[in-house]
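Structure, as structure tokens:
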Amino acid sequence: MQLSDHDLGLLDGVGGDAARQAMEALVQLGEAYDAPDMVEIGYAHIHAGMALYKGDVELIEATAQGGAKMVVPTSTNITNADMGDWQGTGAPDTLGLLQKRAEAAHRAMGSGTSFTCTPYWAGHWPTWNMHIASIESGVTVFANSVLGARSNRDGFFAVYAGMTGRYPRFGLHLDRNRQPTHRVTVTAHPMGTAEFTALGYAIGLTVGSGVPLVTGLQTRPSLDELDAMGVGMATSGGVAMFIVPGVTPPFNEDADVPGLTEVEVGEADLAQIFDGFCTGDETGFDLVHLGCPHASFEEMKQYAALLSGRRIAEGVELWVTTSRAVRQMAREAGLLAPIMASGARVVTDTCPISCHFACTCSPDPALGVKPPSLRTILVDSAKQAHYVRDMIQCPTLFTTSELAVESAVAGRFLPRNRRNA
Amino acid sequence: MPEGVWQARGVVGGQAEGAALVSRTALSFLGDLDICSGVVVGRSSDLLGACVTGRVLVLPASRGSAGAWRFLFQLKVHDSHPAALVLKELPDPSVTQGAILSGVPMVVEPEAEFWEDLRDGDLLQVDGTIGRIARRNAE
Numbered sequence: 076m077q078l079s080d081h082d083l084g085l086l087d088g089v090g091g092d093a094a095r096q097a098m099e100a101l102v103q104l105g106e107a108y109d110a111p112d113m114v115e116i117g118y119a120h121i122h123a124g125m126a127l128y129k130g131d132v133e134l135i136e137a138t139a140q141g142g143a144k145m146v147v148p149t150s151t152n153i154t155n156a157d158m159g160d161w162q163g164t165g166a167p168d169t170l171g172l173l174q175k176r177a178e179a180a181h182r183a184m185g186s187g188t189s190f191t192c193t194p195y196w197a198g199h200w201p202t203w204n205m206h207i208a209s210i211e212s213g214v215t216v217f218a219n220s221v222l223g224a225r226s227n228r229d230g231f232f233a234v235y236a237g238m239t240g241r242y243p244r245f246g247l248h249l250d251r252n253r254q255p256t257h258r259v260t261v262t263a264h265p266m267g268t269a270e271f272t273a274l275g276y277a278i279g280l281t282v283g284s285g286v287p288l289v290t291g292l293q294t295r296p297s298l299d300e301l302d303a304m305g306v307g308m309a310t311s312g313g314v315a316m317f318i319v320p321g322v323t324p325p326f327n328e329d330a331d332v333p334g335l336t337e338v339e340v341g342e343a344d345l346a347q348i349f350d351g352f353c354t355g356d357e358t359g360f361d362l363v364h365l366g367c368p369h370a371s372f373e374e375m376k377q378y379a380a381l382l383s384g385r386r387i388a389e390g391v392e393l394w395v396t397t398s399r400a401v402r403q404m405a406r407e408a409g410l411l412a413p414i415m416a417s418g419a420r421v422v423t424d425t426c427p428i429s430c431h432f433a434c435t436c437s438p439d440p441a442l443g444v445k446p447p448s449l450r451t452i453l454v455d456s457a458k459q460a461h462y463v464r465d466m467i468q469c470p471t472l473f474t475t476s477e478l479a480v481e482s483a484v485a486g487r488f489l490p491r492n493r494r495n496a
Numbered sequence: 184m185p186e187g188v189w190q191a192r193g194v195v196g197g198q199a200e201g202a203a204l205v206s207r208t209a210l211s212f213l214g215d216l217d218i219c220s221g222v223v224v225g226r227s228s229d230l231l232g233a234c235v236t237g238r239v240l241v242l243p244a245s246r247g248s249a250g251a252w253r254f255l256f257q258l259k260v261h262d263s264h265p266a267a268l269v270l271k272e273l274p275d276p277s278v279t280q281g282a283i284l285s286g287v288p289m290v291v292e293p294e295a296e297f298w299e300d301l302r303d304g305d306l307l308q309v310d311g312t313i314g315r316i317a318r319r320n321a322e
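As you go down the protein sequences, you meet chains A and B in turn.
Position in the first sequence counted from 1, then plus 75, gives you the numbering used here.
Position in the second sequence counted from 1, then plus 183, gives you the numbering used here.
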């Protein structure tokens, strides 16, 4: 690899021991992928430290204690507990307090403590051609496809990128990989975030880790819908970038090139995704969940309107999950009161699949964490449905946001209407 | 079993040795493995019920979540990790980052003969620094 004087200085320890170790790891990664050199990154979305995984919060603490400082704007990913009210979700004090140690470690390193899978709604908005590093696949796909920034599907090394401001030039940091591999013609007419997660999920099943060029959408999707489509693809496939001509910078109608693999996604494909995630008892659900990925302010407005003057049925819980920053904005806007008056709970920093409900984690036995026994979780997101199945290992019901609220009020599942079957 | 040496692309440095555990299906480190025991629990894997601990895990591909790194690291924390990884192609960066963080040597793109000659249980030495896989005679 061609390393700059700055890179070599970091390897020599001029930035301290923590930065030296981070740089060594980044060089190792770059050599593995034949990167010619390092790029300068402008932002990193990094691992928070997860209290349900043995030794994981300690890993972040050790990084902070080793003298690590973030040298670019940095946000932190979702965690395993609501650090302001873990009791409200039924998590033991041991778990909540361990999770808060990660918060302290990040403050010491200068990370923006957003603790969310949607840091863009919390104000982290990288722009066209900015190289970034991201641990969250949903952030990766949103940054590449909506903002025009450049990101791979990273793991822990996003922390190293944040500490050094450097990242090896490979994958989606290179122009040649930011080209379509499939042409997806959408004949369905999705509306709202739930349907867009299903559309993305259907696309990801077909294109795997390709770069789909998505055509046929009748109108320009909203930011929330683009977000929803991206997380769907990143869940069922390994998609890190999609291209919607006229939306994804810098692609316009000329993004279409000959020789792409053709895919068509129609209403029947969407219906199959919804039906496939309806495995639970239609009158026996314990929990209704809104906000996967973490809700935007616009979504909080929508949920407040849907829940205003309503009352959640006896025996059902409704969780709205979002980031701390968006919750604060919602509070200032008077949106929390109508949500909470309905009996719903606003949860931050975590979500059902990220909290102690998951049974695929490895909590230290000393924490005394025991996943509750849940009959069915009703969701409005294909991503949440996928991981409820795989990580909570509990049946699901999947419908639109509007019908999820109606179901929570009625205590009875209301499936999605098929609009254009 | 005859001795053999195959060239591969070294991705994560270091040397390790173990009995081959050979899969023909893609594995998701998030969801397909029980962290504490190293046992494969994913129903879509042909390794269902096998234990990866101490083995040279040979996979056609990895699949699934970018959380893969965390699960590889968790296998290391619980001392249930594979000795080394051999993959047909370069995986998601997250998998590589997990292998580096866990100190698990990894090679990819072994020469074609490797896939023809290899048998489950073969005692393999993997050198991720120079990019080489060697089979030893069982003693």
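Heads up, the beta-carbon is just placed ideally off N, CA and C, and yes, glycines get one too.
Note that the structure is predicted; figures quoted are calculated from it, not measured.
Minimum Cβ-Cβ distance from A/Asp-92 to chain B less than 8 Å: For the purposes of this step, residue 92 of chain A is identified with residue 17 of the first sequence, where counting begins at 1. A/Asp-92 does not count as touching chain B.
Local conformation of A/Met-98 per DSSP, three classes: As a working mapping, residue 98 of chain A is identified with position 23 in the first sequence. Three-state result, A/Met-98: helix.
Candidates A/Ile-116, A/Ala-137 and A/Pro-296, of which the one nearest A/Leu-82 by Cα: Here residue 82 of chain A corresponds to residue number 7 of the first sequence, with the count starting at 1. Checking the sequence, you will find Asp at residue 82 of chain A rather than Leu. Nearest C-alpha to A/Asp-82 among A/Ile-116, A/Ala-137 and A/Pro-296: A/Ile-116.
Nearest residue (CA-CA) to A/Pro-324, options A/Leu-442, A/Ser-482 and A/Arg-225: Within the first sequence, residue 324 of chain A is the residue found at index 249, counting from 1. Cα-wise, what sits closest to A/Pro-324 is A/Arg-225.
Chain B contacts made by the region 461-472 of chain A, where a contact means CB separation under 8 Å: Along the region 461-472 of chain A, going in chain order, the ones with a CB nearer than 8 Å to a CB of chain B are Asp-465 and Met-466.
Beta carbon proximity, A/Ala-143 to chain B, threshold 8 Å: By 1-based counting over the first sequence, the position of residue 143 of chain A is 68. Using a Cβ-Cβ cut-off of 8 Å, A/Ala-143 does not count as an interface residue toward chain B, since no Cβ of chain B sits closer than that to its own.
Contact check, A/Ala-412 vs A/Met-375, beta carbons under 8 Å: Residue numbering aside, residue 412 of chain A sits at position 337 when the first sequence is read from its first letter. Residue numbering aside, residue 375 of chain A sits at position 300 when the first sequence is read from its first letter. The answer is no: Cβ separation not under 8 Å.
Close-in-space but distant-in-sequence residues of the same chain around A/Glu-392 (CB under 6 Å, 5 per side omitted): Position 317 of the first sequence, counting from 1, holds the residue named residue 392 of chain A. For A/Glu-392, where only same-chain residues beyond five positions count, the Cβ hits under 6 Å are Leu-362.
Beta carbon of A/Ala-303 nearer than 8 Å to that of A/Gly-283: Here residue 303 of chain A corresponds to residue number 228 of the first sequence, with the count starting at 1. Here residue 283 of chain A corresponds to residue number 208 of the first sequence, with the count starting at 1. Remark: C-beta atoms of A/Ala-303 and A/Gly-283 do not approach each other more closely than 8 Å.
Near-chain B residues of the region 113-144 of chain A - C-beta to any C-beta below 9 Å: Taking 9 Å as the Cβ-Cβ cut-off against chain B, the residues of the region 113-144 of chain A that qualify are His-122, Met-125, Tyr-128, Lys-129, Gly-130, Asp-131 and Leu-134.
C-beta neighbour in chain A for B/Arg-238, strict 8 Å: Working through the second sequence from its first residue, we reach residue 238 of chain B at position 55. No, B/Arg-238 lies away from the interface with chain A (no Cβ there is under 8 Å from its Cβ).
CA nearest to the CA of A/Gly-240, picked from A/Gln-377, A/Ser-209 and A/Gln-254: As a working note, residue 240 of chain A is residue 165 in the first sequence. From the listed residues A/Gln-377, A/Ser-209 and A/Gln-254, the smallest Cα separation to A/Gly-240 is found for A/Ser-209.
Opposing strand residues paired with A/Ile-116 [DSSP bridges]: By one-based count along the first sequence, residue 116 of chain A stands at place 41. Beta-bridge pairing links A/Ile-116 to A/His-206.
Contact set between A/Gly-279 and chain B, taken where Cβ atoms lie within less than 9 Å: Position 204 of the first sequence holds residue 279 of chain A. Neighbours of A/Gly-279 on chain B: none; closest Cβ ~11 Å, over 9 Å.
7 Å CB neighbourhood of A/Thr-169 in its chain, flanking five on each side removed: In the first sequence, the residue the question calls residue 169 of chain A occupies position 94. Taken in chain order, the residues that qualify are Leu-442 and Gly-443.
Minimum Cβ-Cβ distance from A/Gly-291 to chain B less than 8 Å: Residue mapping note: residue 291 of chain A aligns to position 216 of the first sequence, counting from 1. Between A/Gly-291 and chain B, the shortest Cβ-Cβ separation is not below 8 Å.
Distance between A/Pro-320 and B/Val-290 (C-alpha atoms, nearest Å): As a first step, residue 290 of chain B must be located in the second sequence, where it is residue number 107. As a first step, residue 320 of chain A must be located in the first sequence, where it is residue number 245. C-alpha separation (whole angstroms): 38 Å.
DSSP three-state assignment for A/Met-145, whether helix, strand or coil: Taking the first sequence and counting its residues from 1, the one referred to as residue 145 of chain A is at position 70. Coil, per DSSP.
CB contact check: B/Ser-277 to chain A, cutoff 8 Å: Numbered from 1 along the second sequence, position 94 holds the residue referred to as residue 277 of chain B. Output row for B/Ser-277: interface = yes.
Top-ranked residue by Cα proximity to A/Phe-217, from A/Ala-346, A/Leu-472, A/Gly-305 and A/Pro-447: On the first sequence, residue 217 of chain A is found 142 positions in, with the first residue counted as 1. When the alpha-carbon of A/Phe-217 is set against those of A/Ala-346, A/Leu-472, A/Gly-305 and A/Pro-447, the nearest one is in A/Gly-305.
Sheet register partners of B/Met-289 (DSSP bridge): Position 106 of the second sequence holds residue 289 of chain B. Looking at the DSSP assignment, B/Met-289 forms a beta bridge with B/Val-195 and B/Leu-268.
Residues of its chain near A/Asn-252, where Cβ-Cβ distance is below 7 Å and the 5 sequence neighbours each way are ignored: Reading the first sequence from its first residue, position 177 is the one you call residue 252 of chain A. The residues are Gly-246.
Proximity test, Cβ basis, 8 Å: A/Met-304 and chain B: Here residue 304 of chain A is taken as the residue at index 229 of the first sequence, counted from 1. No, its Cβ sits nowhere closer than 8 Å to a Cβ of chain B.
Contact set for A/Val-234: own chain, Cβ-Cβ below 7 Å, skip 5 residues either direction: Here residue 234 of chain A corresponds to residue number 159 of the first sequence, with the count starting at 1. Result list for A/Val-234: Ile-121, His-122 and Thr-138, in chain order.
The region 470-479 of chain A touching the region 264-273 of chain A, judged by at least three CB pairs closer than 8 Å: Contact between the region 470-479 of chain A and the region 264-273 of chain A is present: 3 or more CB-CB pairs across the two stretches fall below 8 Å.
Any chain B beta carbon closer than 8 Å to A/Leu-173: Position 98 of the first sequence, counted from the first residue, corresponds to residue 173 of chain A. In terms of beta-carbon proximity, A/Leu-173 stays away from the interface with chain B, with every pair separated by 8 Å or more.
Spatial distance of B/Gly-286 from A/His-264 (CA atoms): Counting from one through the second sequence, the residue named residue 286 of chain B turns up at place 103. Counting from one through the first sequence, the residue named residue 264 of chain A turns up at place 189. Approximately 48 Å, taken between the alpha carbons.
Chain A within 8 Å of B/Ser-248, Cβ atoms only: If you number the second sequence from 1, residue 248 of chain B lands on position 65. At least one CB atom of chain A sits nearer than 8 Å to the CB of B/Ser-248.
Where the alpha helix (DSSP H) containing A/Pro-255 begins and where it ends: Counting from 1 along the first sequence, the entry for residue 255 of chain A is found at position 180. Following the DSSP letters along the chain, one finds A/Pro-255 in no alpha helix (DSSP H), marked with neither H nor E.
Contact check, B/Pro-243 vs B/Ala-266, beta carbons under 8 Å: As a working mapping, residue 243 of chain B is identified with position 60 in the second sequence. As a working mapping, residue 266 of chain B is identified with position 83 in the second sequence. No, Cβ-Cβ distance for B/Pro-243 and B/Ala-266 is not below 8 Å.
Chain A contacts from the region 249-265 of chain B (Cβ-Cβ distance under 8 Å): Answer in chain order: Ala-249, Gly-250, Ala-251, Trp-252, Arg-253, Phe-256, Gln-257, Val-260 and His-261.
CB contact below 8 Å: B/Cys-234 versus chain A: Here residue 234 of chain B refers to the residue found at position 51 when the second sequence is read from its first residue. Judged by the 8 Å Cβ criterion, B/Cys-234 is not in contact with chain A.
Residue burial classification, A/Phe-488 (beta-carbon count within 10 angstroms, cutoff 16): Position 413 of the first sequence, counting from 1, holds the residue named residue 488 of chain A. With 16 or more other Cβ atoms from the protein chains shown falling within 10 Å of its own Cβ, A/Phe-488 counts as buried.
Listed by chain order, chain C residues near A/Phe-231 by CB distance under 8 Å: Going by chain labels, chain C is absent from the structure shown, which instead holds the protein chains A and B.
Neighbour list for B/Val-195 in chain A, Cβ cutoff strictly below 9 Å: Taking the second sequence and counting its residues from 1, one reaches residue 195 of chain B at position 12. Close partners of B/Val-195 in chain A (Cβ separation under 9 Å): Gln-103 and Ala-107.
DSSP bridge partner residues for B/Val-188 (one or two, in chain order): Start at 1 with the first residue of the second sequence, and residue 188 of chain B comes out as number 5. B/Ala-317.
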